[in-house]
Amino acid sequence: MSSNWNTADKTLLCSVFIFLAALGVYLLLPNNIFTEGFLFVSEAALVGGVADWFAVTALFKKPLGFPFHTAILPNRRQDFIDASVNMVQNEFFSRKSIFKKLSDVHLLPNLLEYIKKSEIRRAIITLLFSEIANFVSKLDKESTAKKISNEIRKTLREVPSHILIHELGLYLKKSGKDRVIFEKIIHTAREAAATEETRKKIEKILQEYADEHTQSSSTFSIMMAGLAQMLDLVNFTEAAELMQKYLIKFLDELAEDSQLQRQVLQECRRIFSEVTDTLEFRDLIYNLQLDSINSLPINSIIQEALEKINVELSKANVKKIEEEKDEKNLSVFIYNFLSEQLDRLIKLLESDTPLKNSVEKFIFDLTARSALTARPIFANIAQNSLMKLTDDQLNALVYNKAEDDFVWIRLNGSIVGSFIGLIVFVVIQFISI
Numbered sequence: 001m002s003s004n005w006n007t008a009d010k011t012l013l014c015s016v017f018i019f020l021a022a023l024g025v026y027l028l029l030p031n032n033i034f035t036e037g038f039l040f041v042s043e044a045a046l047v048g049g050v051a052d053w054f055a056v057t058a059l060f061k062k063p064l065g066f067p068f069h070t071a072i073l074p075n076r077r078q079d080f081i082d083a084s085v086n087m088v089q090n091e092f093f094s095r096k097s098i099f100k101k102l103s104d105v106h107l108l109p110n111l112l113e114y115i116k117k118s119e120i121r122r123a124i125i126t127l128l129f130s131e132i133a134n135f136v137s138k139l140d141k142e143s144t145a146k147k148i149s150n151e152i153r154k155t156l157r158e159v160p161s162h163i164l165i166h167e168l169g170l171y172l173k174k175s176g177k178d179r180v181i182f183e184k185i186i187h188t189a190r191e192a193a194a195t196e197e198t199r200k201k202i203e204k205i206l207q208e209y210a211d212e213h214t215q216s217s218s219t220f221s222i223m224m225a226g227l228a229q230m231l232d233l234v235n236f237t238e239a240a241e242l243m244q245k246y247l248i249k250f251l252d253e254l255a256e257d258s259q260l261q262r263q264v265l266q267e268c269r270r271i272f273s274e275v276t277d278t279l280e281f282r283d284l285i286y287n288l289q290l291d292s293i294n295s296l297p298i299n300s301i302i303q304e305a306l307e308k309i310n311v312e313l314s315k316a317n318v319k320k321i322e323e324e325k326d327e328k329n330l331s332v333f334i335y336n337f338l339s340e341q342l343d344r345l346i347k348l349l350e351s352d353t354p355l356k357n358s359v360e361k362f363i364f365d366l367t368a369r370s371a372l373t374a375r376p377i378f379a380n381i382a383q384n385s386l387m388k389l390t391d392d393q394l395n396a397l398v399y400n401k402a403e404d405d406f407v408w409i410r411l412n413g414s415i416v417g418s419f420i421g422l423i424v425f426v427v428i429q430f431i432s433i
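Okay, here's the thing in structure tokens:
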């Protein structure tokens, strides 16, 4: 309670002086109706003021040492604390009041506006980036690489060979890769055909073919062939050069976008389609599939990739990443990816009504449940805070919250007492006439 004199104290003191003055005037003029009325009214005002002073003071301490039913708040301290705690928990934080307050607050729009702030957005992306880097650093690279490679091998083994062949054929045809492969084969064949070694092989084949047919022919044929060779009528070197020349010309035409190339390529596609339908070819592809899967160094590649990712992320500096423009940098790629996904999520929450409603409901339920769960915590905080207060501090806490009301209660005592005194005095005078 305040130690300074307030308006009520000053009013009560004035009432005392007015009563003393009225008493003095009455003693000087005892038979005057006005002095009698003045004394009666001032006495009623003083009694009313003293009575209300006593009532208000008795709430907090013992007025003039009066022991009976005074100092109510200190004596009922625990009841007051229990009532206050109950009010905090069941009135201020009741289930109904919590849900009503939360329903009046649009949590999701406020949350999105908060996230859109540049510093908050940057903090969220930085936190996510740090969590990814921390996750990768703690990852068991060898074990993880083994698990991933096993899953990849398992998935590849489960792919049917005929589907693999079919998809490969469609891909080569649609992408034009089969034409590229065909042209590379033709170019390779052209380079091989233009060599001196190829010419010699053609010449050798012609010579062997001539010898084979000469030996199986009649004596006259053998004699004529020998005569032709002696007269240089049959020159295998020139024939080989001529065949090589036409072979190169043919391959050059196949290498260009020509009608011949399209016909040959179409025929190759038809033959490939027929071959792929055979059981033998499927078995061959299946065995090649298994051999390739087993021979691929998937485990070491993944482990090496994880180690490089770990080194890259551990050295990353978020401030430098924001200034970096090189998308080939892994840290920049991850940072930009997180930034794009965060922007995308915000746009979805703003435009997708069903998603927006679902998230709002989730946030509302989460917030409401958290608030309900926290009710005992608020109650314990209130109880502990009130229990630590001394009697004087508790009195001051309550009195200061309603000081104006207590002052007016005391003022009303003097005011109402004077009016009642005046009415009673008038009534007595009328009765006595």
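Residue numbers (our numbering): 1 to 433.
Using N, Cα and C, we set each Cβ at its ideal position, and we do this for glycine too.
Note that the structure is predicted; figures quoted are calculated from it, not measured.
Review point. By DSSP, does ALA225 sit in helix, in strand, or in coil?
Key: Locating residue 225 in the sequence shown gives position 225, where the first residue counts as 1. Its pLDDT being 45, under 50, ALA225 is placed unreliably by the model, and the measurement read from it follows with that caveat. ALA225 falls in the helix class under three-state DSSP.
Exercise for review: Measure the beta-carbon distance from VAL136 to ILE301 and round it to whole angstroms, keeping in mind my assumption that it falls under 8 Å.
Suggested key: Along the sequence shown, read from residue 1 onward, the residue named residue 136 stands at position 136. Along the sequence shown, read from residue 1 onward, the residue named residue 301 stands at position 301. Contact doesn't hold; Cβ gap of about 17 Å is too wide.
Check your understanding: Roughly how far, in whole angstroms, is the beta-carbon of LYS146 from the beta-carbon of ASN299, given that I think they are within contact range, below 8 Å?
Key -> Indexing the sequence shown from 1 puts residue 146 at position 146. Indexing the sequence shown from 1 puts residue 299 at position 299. Right, the Cβ-Cβ distance comes to about 6 Å (below 8 Å), so this counts as a contact.
Check your understanding: Is there contact here, the region 75-92 with the region 402-416, by at least three beta-carbon pairs under 8 Å?
Key -> no
Check your understanding: CB-CB under 8 Å to ILE334, same chain, minus the five flanking residues each way: which ones, in chain order?
Key -> By 1-based counting over the sequence shown, the position of residue 334 is 334. Excluding residues within five positions, the ones whose Cβ falls inside 8 Å are PHE129, ILE132, LEU313.
Check your understanding: In the structure shown, what three-state DSSP assignment does THR353 receive?
Key -> The residue you call residue 353 lines up with position 353 of the sequence shown. If DSSP states are grouped into helix, strand and coil, THR353 belongs with the helices.
Review point. Roughly how many angstroms separate the alpha carbons of ILE120 and TYR114, rounded to a whole number?
Key: The sequence position of residue 120 within the sequence shown is 120, counting from 1. The sequence position of residue 114 within the sequence shown is 114, counting from 1. Straight-line Cα distance between these residues: approximately 7 Å.
Check your understanding: Relative to the alpha-carbon of ARG77, which residue among LYS138, PHE378, PRO376, PHE60 has its alpha-carbon at the smallest distance?
Key -> As a working mapping, residue 77 is identified with position 77 in the sequence shown. Among LYS138, PHE378, PRO376, PHE60, the Cα nearest to that of ARG77 is on PHE60.
Review point. First and last residue of the alpha helix (DSSP H) that includes THR195?
Key: On the sequence shown, residue 195 is found 195 positions in, with the first residue counted as 1. From DSSP, THR195 is part of no alpha helix (DSSP H); its letter is neither H nor E.
Check your understanding: In chain order, what residues of the same chain lie with their CB nearer than 8 Å to the CB of VAL416, ignoring the 5 residues before and after it?
Key -> The residue given as residue 416 occupies position 416 in the sequence shown. Cβ neighbours of VAL416 beyond the five flanking positions: GLY48.
Check your understanding: What's the C-alpha gap between VAL234 and THR276?
Key -> What you label residue 234 is simply residue 234 of the sequence shown in a count that begins at 1. What you label residue 276 is simply residue 276 of the sequence shown in a count that begins at 1. Confidence at VAL234 is low in this model, with a pLDDT of 49, below 50, so the placement of that residue is unreliable and no value is reported for it.
Exercise for review: Can you have a look at ASP52 and say buried or exposed, based on whether 16 or more other CB atoms are within 10 angstroms of its CB?
Suggested key: Numbered from 1 along the sequence shown, position 52 holds the residue referred to as residue 52. So ASP52 ends up on the buried side.
Exercise for review: Report buried or exposed for SER143, applying the criterion of at least 16 other Cβ atoms within 10 angstroms of its Cβ.
Suggested key: Stepping through the sequence shown from its first residue, residue 143 is reached at position 143. Result: exposed.
**Study point:** Contact set for ALA255: own chain, Cβ-Cβ below 7 Å, skip 5 residues either direction
**Key:** Here residue 255 refers to the residue found at position 255 of the sequence shown. Closer than 7 Å at the Cβ level, and outside the excluded window around ALA255, lie GLU183, ILE186, HIS187, ARG190.
Review point. From LEU227 to LEU206, what does the alpha carbon distance come to, in whole angstroms?
Key: The sequence position of residue 227 within the sequence shown is 227, counting from 1. The sequence position of residue 206 within the sequence shown is 206, counting from 1. Any reading at LEU227 is ruled out, since the residue's pLDDT is 42, under 50, leaving its predicted position unreliable.
Check your understanding: Start and end of the alpha helix (DSSP H) containing GLY421?
Key -> Numbered from 1 along the sequence shown, position 421 holds the residue referred to as residue 421. Here the alpha helix (DSSP H) through GLY421 covers 403-432.
**Study point:** Exposure label - ILE18; buried when at least 16 CB within 10 Å
**Key:** The count along the sequence shown starts at 1 and reaches residue 18 at position 18. Classification for ILE18: buried.
Review point. Can the beta-carbon of LEU39 be found closer than 8 Å to that of TYR26?
Key: In the sequence shown, counting from the first residue as 1, residue 39 sits at position 39. In the sequence shown, counting from the first residue as 1, residue 26 sits at position 26. Taking 8 Å as the Cβ cut-off, LEU39 and TYR26 qualify as a contacting pair.
Check your understanding: Taking just the CA atoms, how far does PHE250 sit from MET230?
Key -> Walking along the sequence shown from the start, residue 230 turns up at place 230. Walking along the sequence shown from the start, residue 250 turns up at place 250. With a pLDDT of only 45 at MET230, under the threshold of 50, the placement of this residue in the model should not be trusted, and no figure is reported.
Practice item. Could you tell me whether the Cβ atoms of LEU73 and ASN395 are closer together than 8 Å? Key: Position 73 of the sequence shown holds residue 73. Position 395 of the sequence shown holds residue 395. Yes; because the gap between Cβ atoms is below 8 Å, this pair is in contact.
Practice item. Using three-state DSSP, classify THR70 as helix, strand or coil. Key: Translated into the one-based positions of the sequence shown, residue 70 becomes position 70. Coil.
Practice item. Express the C-alpha separation of GLN244 and GLU238 in angstroms, rounding to a whole number. Key: Translated into the one-based positions of the sequence shown, residue 238 becomes position 238. Translated into the one-based positions of the sequence shown, residue 244 becomes position 244. Computed Cα separation, rounded: 10 Å.
Practice item. Measure the C-alpha to C-alpha separation of THR70 and LYS100 and round it to an integer number of angstroms. Key: Residue numbering aside, residue 70 sits at position 70 when the sequence shown is read from its first letter. Residue numbering aside, residue 100 sits at position 100 when the sequence shown is read from its first letter. About 41 Å.
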